[in-house]
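Below is one structure; the comments refer to it alone.
Number of protein chains: 2
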Amino acid sequence: MNHHSEAGLPQFMVPGWSGFIGEHTFLAEEIVEFAKAYDPQPFHIDAQAARASLFGSLCASGWHTASMWMRKQRDYTQKYLAERAKNGLPAAEFGPSPGFENLKWPKPVYAGDTIRYFNQTTACRKSRSRPGWHIMSARSSGKNQHDELVLTFESAVMLKYPV
Amino acid sequence: MNHHSEAGLPQFMVPGWSGFIGEHTFLAEEIVEFAKAYDPQPFHIDAQAARASLFGSLCASGWHTASMWMRKQRDYTQKYLAERAKNGLPAAEFGPSPGFENLKWPKPVYAGDTIRYFNQTTACRKSRSRPGWHIMSARSSGKNQHDELVLTFESAVMLKYPV
Chain A
6 MNHHSEAGLP
16 QFMVPGWSGF
26 IGEHTFLAEE
36 IVEFAKAYDP
46 QPFHIDAQAA
56 RASLFGSLCA
66 SGWHTASMWM
76 RKQRDYTQKY
86 LAERAKNGLP
96 AAEFGPSPGF
106 ENLKWPKPVY
116 AGDTIRYFNQ
126 TTACRKSRSR
136 PGWHIMSARS
146 SGKNQHDELV
156 LTFESAVMLK
166 YPV
Chain B
6 MNHHSEAGLP
16 QFMVPGWSGF
26 IGEHTFLAEE
36 IVEFAKAYDP
46 QPFHIDAQAA
56 RASLFGSLCA
66 SGWHTASMWM
76 RKQRDYTQKY
86 LAERAKNGLP
96 AAEFGPSPGF
106 ENLKWPKPVY
116 AGDTIRYFNQ
126 TTACRKSRSR
136 PGWHIMSARS
146 SGKNQHDELV
156 LTFESAVMLK
166 YPV
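Sequence lines, in order, name chains A and B. Start counting the first sequence at 6; every next residue gets the next number (the numbering used here). Start counting the second sequence at 6; every next residue gets the next number (the numbering used here).
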């Protein structure tokens, strides 16, 4: 596996790059814990009520599955950048996000589902207003163990990298 | 305060309705707790590292401020519907969301900031595919104690209501 592009840029900053960034199994206990704090709807906190709902079974808050993408994105990029650092290559520093678009949850994430998260870099350009910073755009998704999409969105993020 | 529109619909289902749905003060401890689980970037988990970052001070994950909107939305609608139920008016049951658009975090939410959340109903139509269900669209926002926008997005959600 190449840990840097020919230009020395982190792979994930190169438009066209796509990859698996990590997976997570959503257990009932953590689904309920997140939902009690942030999204206490019956189908997220009560298995019996969930069975009577349109969802049919206990499922995770959409904010939970989206937040877990963020965690996998962070873990993936940090591990990758740490590997590069061993070869003396500079780190990329993540900053604010200009925003997200088309955030969708095509299927519920049920208790016990394992979600695999994927990123695809669609663009990366230098910021005009902030020298040294880049604006990276990506398409991201999550798929369950049946290969069904459960999360899709497009994002942008600011990245500091010395080129 | 009117707890129902003249047609008996919950206020928040009537296009044009807008209102304050709740507020939350983001303390450093909970900012760090959420971020350690879902968004462990230096400026969300370490006050000293945050001061050296583009943000300048410890601030909440965007997923945290968005998830808190969900909590306030839930609490607001349930309290409102419970009041209506005292007058024998039916409940509206929330279901899946067709998606969110233009999710933006125009300013950071710093430790100690109090965010006030607002919703505005922009459309509400009957679902063609699911009798008894409606699709409600809204614009939502969060503002800090300086009246600066810190969160904006457009959303849609399915709602079961007997009309």
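Even for Gly, the Cβ is constructed at its ideal location relative to N, Cα and C.
Check, Outcome
"Going by beta-carbon coordinates alone, are B/Ala-128 and B/Ser-146 separated by less than 8 angstroms?", "no"
"Taking only beta-carbon positions, decide if B/Gly-137 is within less than 8 angstroms of chain A.", "no"
"Could you please give me the residues that DSSP links to B/Leu-156 through a beta bridge?", "B/Gly-147"
"Contact defined as beta carbons within less than 8 angstroms: I believe B/Pro-113 pairs with B/Thr-157. What is the distance between those atoms, to the nearest angstrom?", "Not really, about 14 angstroms apart at Cβ, beyond 8 angstroms."
"Quick one: residues in its chain with C-beta nearer than 7 angstroms to the C-beta of B/Pro-20, no 5 flanking neighbours on either side, listed in chain order?", "Thr-126, Thr-127, Ala-128 and Cys-129"
"For A/Ser-58, which residues of its own chain have a beta-carbon under 8 angstroms away from its beta-carbon, when the five flanking residues on both sides are left out?", "Pro-47 and Phe-48"
"According to DSSP, what are the bridge partners of A/Ser-142?", "A/Ala-128 and A/Ala-161"
"Which same chain residues, not among the five before or five after A/Pro-101, have their C-beta less than 6 angstroms away from its C-beta?", "Met-163"
"Quick one: using the 10 Å Cβ neighbour count with 16 as the cut-off for buried, is B/Pro-15 buried or exposed?", "buried"
"Among the residues of its own chain, which have a CB less than 8 angstroms from the CB of B/Phe-25, if the five just before and after it don't count?", "Arg-121, Tyr-122 and Phe-123"
"Looking only at its own chain, which residues have a Cβ that is under 7 angstroms from the Cβ of B/Leu-86, when we skip the five neighbours before and after it?", "Pro-15, Ala-96 and Ala-97"
"At what residue ranges does the stretch 52-130 of chain A contain a whole run of the alpha helix (DSSP H), taking only runs of 4 or more?", "52-56 and 67-91"
"For A/Asp-152, count the other beta carbons within 10 Å of its own beta carbon; 16 or more makes it buried, fewer makes it exposed. Which is it?", "exposed"
"Run down chain B in chain order and give the residues with a C-beta less than 8 angstroms from the C-beta of A/Asp-44.", "Ser-72, Met-75, Arg-76 and Arg-79"
"Could you tell me the alpha carbon to alpha carbon distance between B/Pro-167 and B/Met-18, rounded to whole angstroms?", "12 angstroms"
"Using a Cβ-Cβ distance cut-off of 8 angstroms, determine whether B/Gly-67 contacts chain A.", "yes"
"Provide the residue span of the alpha helix (DSSP H) that contains A/Phe-39, from first to last.", "33-43"
"Measure the beta-carbon distance from B/Ala-33 to B/Ala-52 and round it to whole angstroms, keeping in mind my assumption that it falls under 8 angstroms.", "7 angstroms"
"At 7 angstroms on the CB atoms, spell out the chain B contacts of A/Ser-102, in chain order.", "Gly-67 and Trp-110"
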